[in-house]
């Protein structure tokens, strides 16, 4: 995996601003996030989340799904 401090492959988390490596930006065949489940809710971010923020979003999404409630970040059609 590329070094997150390498500006050519570094991305900034849309939620917390942390630097991380996005496989798509770095030109890799697959990003690290491809191994994770997809979120069933839409998030209010235009770009990727870092591993910690994506893990938190997945955790929050799972809790909301289990409780049968809508996630507050869900966009209504």
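Residue numbers (the working numbering): 2 to 78. Think of the CB as a built atom: it goes at the ideal place given N, C-alpha and C, for glycine as much as any other residue.
If I follow the unbroken beta strand (DSSP E) through residue i, where does it start and stop?
i: residue 13; result: 11-13
Going by DSSP, what residues sit across from residue i in a beta bridge?
i: residue 48; result: Its beta-bridge partners do not exist; DSSP assigns none.
Which residue marks the beginning of the alpha helix (DSSP H) containing residue i, and which one marks its end?
i: residue 20; result: Per DSSP, residue 20 belongs to no alpha helix (DSSP H); it is in the beta strand (DSSP E), 20-22.
For residue i and residue j, I'd like the C-alpha separation in whole angstroms.
i: residue 35; j: residue 18; result: 21 Å
i: residue 28; j: residue 64; result: 33 Å
i: residue 12; j: residue 39; result: 20 Å
i: residue 30; j: residue 46; result: 23 Å
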